[in-house]
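Asks: Sequence lines, in order, name chains C and Y. The numbering of the first sequence is my numbering, which starts it at 1 and goes up by one. The numbering of the second sequence is my numbering, which starts it at 1001 and goes up by one. Beta carbons are placed, not taken as given, at the ideal position from N, Cα and C, and that holds for glycine. Handing you this structure, nothing more for now.
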Amino acid sequence: MTTLGGQVKPKVRLGDLVFSRAASVAGIGILITLAAVAVFLFIQALPALNPEADFSGKAENPISYVTPYVFGTLYGSIIALAIATPLAIGIALYISHYANRRFSQILGYIMDLLAAIPSVVYGLWGIMVLAPFLNPTYLWLNENLGWIPLFAGQVSATGRTMLTVGIVLAIMVLPIMAALIREVFLQTPRLHEEAALALGATRWEMIKMAVLPFGRPGIISSMMLGLGRALGETMAVALVLSPASIINFALLTSQNSNTIAANIALHFPESGGDYRSLLIASGLMLFLITMLINMLARYIISRRAEFSGAN
Amino acid sequence: MSKRIELKSLNVYYSKFLAVEDVNMVIEPKAITAFIGPSGCGKSTLIRTLNRMHEVIPGAYVEGSLTMDGEDIYAAEVDPVKVRRQVGMVFQRPNPFPTMSIKENVLSGYKLNNNRMSKSDADELTEKALVGANLWNEVKDRLDRPGSSLSGGQQQRLCIARAIAVEPDVILMDEPTSALDPISTAAIEDLAVELKEKFTVVIVTHNMQQASRISDMTAFFNIAGTGMPGKLIEYDRTEKIFSNPTQKQTEDYVSGRFG
Ligand SMILES: Nc1ncnc2c1ncn2[C@@H]1O[C@H](COP(=O)(O)OP(=O)(O)OP(=O)(O)O)[C@@H](O)[C@H]1O
Ligand SMILES: [Mg+2]
């Protein structure tokens, strides 16, 4: 008796072979690079974890040194995201469901242009234009809403505050977020939009019933993309912020928790010995934070995969 | 409630293109009216004018008059959203909201009108609509599962449950069974017959047996050629259309002879 499969050798096509090999090499390449970076960071950071380490008076111990910067990194990015997400959703909705075709195309081009501006430029703009421009608003906020801890304290005279950093970062990540969300909104099946309209939904109700829930995974992905960019942003923060090594929730004062990336950029050139290892250890922290946040996002998306509309 | 729909000299346009020309007919309440005719003759276009879904397409508009129990649904002061809440629609491809559970799907239309409803009211309405759509027994143990976890036929009945949950006056169905197997089709045909006790039912179908089995009235549409407008050729009691039509075109079509 002959059996199928056993003896019959599937014909291997050259194109398939080349493609699958190339894809594997690329995939493995990414993993190796990632591992190499992690290993590098870890080895370089190790000396700082030694209890005997000497930080030349710049730090007491690694934990207390890194904590304020971890806080500053997360705080600045969260402010940026809190500002950018609703704006990005609004812009994406406007482009995908409200604007006429010509105008939405023009808007699309402008967004793409904005995404291409280097972060140094955003930083310069933040420090030279935005900070002085916002300062009167800060004073007003402090006077009238000063009882809210966020707006309390002595308002910075220059406008170079955590809130300015958050706003600069928000503007920086806005184009890429809006562009991604717009793509997702455009993919909403016409079928589901019509289902909502036929039930007697107004346009806004249709968006709430069909477009937003369908776009949810895309919105989360775009938030992660934005967050990733904001977390690691160095130049814009280093330029705008007047840094300190403290944990401070106040948005308007000149005492701001610096971010990890900006702190490294600021101190790395003249650092040496165990202090340099310490800076690298803080870089390792940043790496871990970014990874954790991405894993969290994957988890959130996968939890409701059944309801995603992808099946 | 079930309403009488009257169309007078209705012309339906996509921008400059006249898709359906000069339709005059009265759609009776508590009856099933079937639209039949070759592809492209404007059945979907016409049925979508009955709940003002036609104008959702950019550039699309309607001329003439369309009344429900004497009220002009295209009058300037009439909000299309209100019209659609009185006229439920079931589409050719089942389209439950994939991001909602079965129960949320059933309640989705109702919640547009009434924001707050108690849990017991919600449960009651869900059961009533699903029983009405002959789906209750199949899904009662998994109301929190996504709507997209059902089979195609079940999804279509879920869409019917969603449409009848808001107690509309009219139910429109555009080829509701064309994507379904014979058993699901039979289930939906039975359902349509039950629905006519309460609603005005309009159904578009390519299936001649289906039209003759379930409908009370049949409208036959035809086009003279591509790019020409579709026209209502003959409209009468279903037995008459299928046994003894007055128009030669109708006879050719229902007996399967073309051209
Ligand atoms: N969105 C649209 N824009 C422009 N023309 C359209 C649009 N939809 C349909 N038409 C045209 O209107 C005419 C009627 O189409 P319609 O879909 O109503 O036909 P139908 O009778 O439902 O056909 P079928 O049986 O294949 O579903 C066709 O000529 C079609 O090309
Ligand atoms: Mg059609």
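1) Counting only the same chain and skipping the five closest in sequence on each side, list residues whose C-beta sits under 7 Å from that of LEU1107 of chain Y.
2) Indicate the three-state DSSP secondary structure (helix, strand or coil) for SER257 of chain C in the structure shown.
3) Less than 7 Å between the CB of CYS1041 of chain Y and some heavy atom of ligand 1, yes or no?
4) Compare the C-beta of ILE300 of chain C with all C-beta atoms of chain Y and state if any pair is closer than 8 Å.
5) Shorter than 8 Å from the beta carbon of PRO1029 of chain Y to some beta carbon of chain C?
6) What residues of chain A sit near ALA198 of chain C, judged by a beta carbon separation below 7 Å?
7) With respect to 7 Å, is the separation between the Cβ of VAL968 of chain Y and the closest non-hydrogen atom of ligand 2 below this value?
8) Give the DSSP-derived three-state secondary structure of MET1089 of chain Y in the structure shown.
9) Classify LYS1196 of chain Y as buried or exposed, calling it buried when 16 or more other Cβ atoms lie within 10 Å of its own Cβ.
10) With three or more C-beta pairs closer than 8 Å as the rule, is the region 140-151 of chain C touching the region 231-243 of chain C?
11) Could you spell out where the beta strand (DSSP E) holding LYS1231 of chain Y opens and where it closes?
12) Using a Cβ cut-off of 8 Å, which residues of the region 192-216 of chain C contact any Cβ in chain Y, in chain order?
13) Using CA coordinates, which residue listed in C:ALA261, C:ALA281 and C:PRO213 is at the minimum distance from ALA305 of chain C?
14) Can you give me, in chain order, the residues of the region 1105-1120 of chain Y that have a beta carbon less than 8 Å from any beta carbon in chain C?
15) Does DSSP put ASN100 of chain C in a helix, in a strand, or in coil?
16) Going by beta carbon distance, what residues of the same chain come within less than 8 Å of PRO1245 of chain Y, once the five residues before and after it are set aside?
17) What's the C-alpha gap between MET285 of chain C and TYR65 of chain C?
18) In or out: ARG160 of chain C buried (at least 16 other Cβ within 10 Å) or exposed?
19) Short of 7 Å in beta carbon distance, which residues of its chain neighbour LEU227 of chain C, apart from the five on each side in sequence? Order them along the chain.
20) For the alpha helix (DSSP H) that LEU1158 of chain Y lies in, which residues bound it at each end?
21) Listing by chain order, which chain C residues have their CB less than 8 Å from the CB of VAL1056 of chain Y?
22) Tell me whether the beta-carbon of ALA1031 of chain Y lies closer than 8 Å to the beta-carbon of MET1217 of chain Y.
23) Using 8 Å as the threshold, is the C-beta distance between ALA261 of chain C and PRO175 of chain C below it?
24) Quick one: list the residues of chain Y neighbouring PHE307 of chain C, beta-carbon separation under 7 Å, in chain order.
25) Is there a Cβ of chain C sitting closer than 8 Å to that of VAL1170 of chain Y, yes or no?
26) Shorter than 8 Å from the beta carbon of ARG1093 of chain Y to some beta carbon of chain C?
27) Please state whether the Cβ-Cβ distance between ARG216 of chain C and ALA92 of chain C is less than 8 Å.
28) Is any heavy atom of ligand 2 found at a distance shorter than 7 Å from the C-beta of GLU194 of chain C?
29) Just the Cα atoms here: how many angstroms apart are TRP125 of chain C and GLY166 of chain C?
30) Three-state secondary structure (DSSP) at ASP1252 of chain Y?
31) Are the CB atoms of LEU139 of chain C and VAL155 of chain C nearer to each other than 8 Å?
32) Any heavy atom of ligand 1 inside 7 Å of the beta-carbon of ILE1057 of chain Y?
33) Taking contact to mean 3 or more Cβ pairs, one atom from each stretch, closer than 8 Å, check whether the region 1001-1010 of chain Y and the region 1056-1068 of chain Y are in contact.
34) Taking 7 Å as the line, does the beta carbon of SER1044 of chain Y fall inside it for any heavy atom of ligand 2?
35) For a quick check, are the C-beta atoms of LEU1050 of chain Y and PHE1035 of chain Y less than 8 Å apart?
36) Would you kindly work out how many angstroms separate the C-alpha atoms of GLY1064 of chain Y and SER1212 of chain Y, rounded to a whole number?
Replies: Let's see:
1) Translated into the one-based positions of the second sequence, residue 1107 of chain Y becomes position 107. Here the set comprises ALA1122, LEU1125, THR1126 and ALA1165.
2) The residue you call residue 257 of chain C lines up with position 257 of the first sequence. In the displayed model, SER257 of chain C falls within a strand according to three-state DSSP.
3) Stepping through the second sequence from its first residue, residue 1041 of chain Y is reached at position 41. Between ligand 1 and CYS1041 of chain Y, a heavy atom-to-CB distance of less than 7 Å is present.
4) Within the first sequence, the letter at position 300 stands for residue 300 of chain C. Not closer than 8 Å to any Cβ of chain Y, the Cβ of ILE300 of chain C fails to qualify, so no.
5) One-based indexing of the second sequence puts residue 1029 of chain Y at position 29. Closer than 8 Å to the CB of PRO1029 of chain Y there is not a single CB belonging to chain C.
6) Note that chain A does not occur in the displayed structure, where the protein chains are C and Y.
7) Given a span of 1001 to 1259 for chain Y in the structure shown, any question on residue 968 of chain Y remains unanswerable.
8) What you label residue 1089 of chain Y is simply residue 89 of the second sequence in a count that begins at 1. MET1089 of chain Y falls in the strand class under three-state DSSP.
9) Here the question's residue 1196 of chain Y lines up with position 196 in the second sequence. Burial call: buried.
10) no
11) For this step, residue 1231 of chain Y is matched to residue 231 along the second sequence. Run containing LYS1231 of chain Y: 1230-1237, per the beta strand (DSSP E) assignment.
12) HIS192, GLU194, ALA195, ALA196, LEU197, ALA198, LEU199, GLY200, ALA201, THR202, GLU205, MET209, ALA210, PRO213, PHE214 and ARG216
13) Residue numbering aside, residue 305 of chain C sits at position 305 when the first sequence is read from its first letter. For the residues C:ALA261, C:ALA281 and C:PRO213, the minimum Cα distance to ALA305 of chain C belongs to C:PRO213.
14) So the close ones are SER1108, GLY1109, LEU1112 and ASN1113.
15) Residue 100 of chain C sits at position 100 when you count from the first residue of the first sequence. The answer is coil: DSSP assigns ASN100 of chain C none of H, G, I, E or B.
16) Residue numbering aside, residue 1245 of chain Y sits at position 245 when the second sequence is read from its first letter. Only PHE1220, GLU1234, ASP1236, GLU1251 and VAL1254 meet the Cβ criterion.
17) Position 285 of the first sequence holds residue 285 of chain C. Position 65 of the first sequence holds residue 65 of chain C. Whole-angstrom Cα-Cα distance: 12 Å.
18) Taking the first sequence and counting its residues from 1, one reaches residue 160 of chain C at position 160. It is buried - the Cβ of ARG160 of chain C has at least 16 other Cβ atoms within 10 Å.
19) Residue 227 of chain C sits at position 227 when you count from the first residue of the first sequence. Cβ within range, chain order: SER77, LEU81 and ILE293.
20) Residue numbering aside, residue 1158 of chain Y sits at position 158 when the second sequence is read from its first letter. Residues 1152-1165.
21) Along the second sequence, one-based indexing puts residue 1056 of chain Y at 56. The answer, in chain order, is GLU194 and LEU197.
22) The count along the second sequence starts at 1 and reaches residue 1031 of chain Y at position 31. The count along the second sequence starts at 1 and reaches residue 1217 of chain Y at position 217. A distance below 8 Å separates the beta carbons of ALA1031 of chain Y and MET1217 of chain Y.
23) Position 261 of the first sequence, counted from the start, is the residue given in the question as residue 261 of chain C. Position 175 of the first sequence, counted from the start, is the residue given in the question as residue 175 of chain C. With contacts defined by Cβ atoms closer than 8 Å, ALA261 of chain C and PRO175 of chain C do not form a contacting pair.
24) Position 307 of the first sequence, counted from the start, is the residue given in the question as residue 307 of chain C. Ordered by position in chain Y, the residues that pass the 7 Å Cβ test against PHE307 of chain C are PRO1098, THR1099 and PRO1146.
25) For the purposes of this step, residue 1170 of chain Y is identified with residue 170 of the second sequence, where counting begins at 1. Not flagged as an interface residue toward chain C: VAL1170 of chain Y, since no C-beta distance is shorter than 8 Å.
26) If you number the second sequence from 1, residue 1093 of chain Y lands on position 93. With 8 Å as the cut-off, ARG1093 of chain Y counts as an interface residue toward chain C.
27) Walking along the first sequence from the start, residue 216 of chain C turns up at place 216. Walking along the first sequence from the start, residue 92 of chain C turns up at place 92. Not a contact, by the Cβ cut-off of 8 Å.
28) Indexing the first sequence from 1 puts residue 194 of chain C at position 194. GLU194 of chain C Cβ: outside cutoff for every heavy atom of ligand 2.
29) Within the first sequence, residue 125 of chain C is the residue found at index 125, counting from 1. Within the first sequence, residue 166 of chain C is the residue found at index 166, counting from 1. Using only the alpha carbons, I get a separation of about 14 Å.
30) Taking the second sequence and counting its residues from 1, the one referred to as residue 1252 of chain Y is at position 252. Note: ASP1252 of chain Y maps to helix in three-state DSSP.
31) Taking the first sequence and counting its residues from 1, one reaches residue 139 of chain C at position 139. Taking the first sequence and counting its residues from 1, one reaches residue 155 of chain C at position 155. Yes, these two residues count as a Cβ contact at 8 Å.
32) Reading the second sequence from its first residue, position 57 is the one you call residue 1057 of chain Y. Under cutoff, so the answer is yes.
33) yes
34) What you label residue 1044 of chain Y is simply residue 44 of the second sequence in a count that begins at 1. Within the cutoff, so yes.
35) Taking the first residue of the second sequence as 1, we reach residue 1050 of chain Y at position 50. Taking the first residue of the second sequence as 1, we reach residue 1035 of chain Y at position 35. At a Cβ-Cβ threshold of 8 Å, LEU1050 of chain Y and PHE1035 of chain Y do not count as neighbours.
36) Along the second sequence, read from residue 1 onward, the residue named residue 1064 of chain Y stands at position 64. Along the second sequence, read from residue 1 onward, the residue named residue 1212 of chain Y stands at position 212. Taking the straight line joining both Cα atoms gives about 30 Å.
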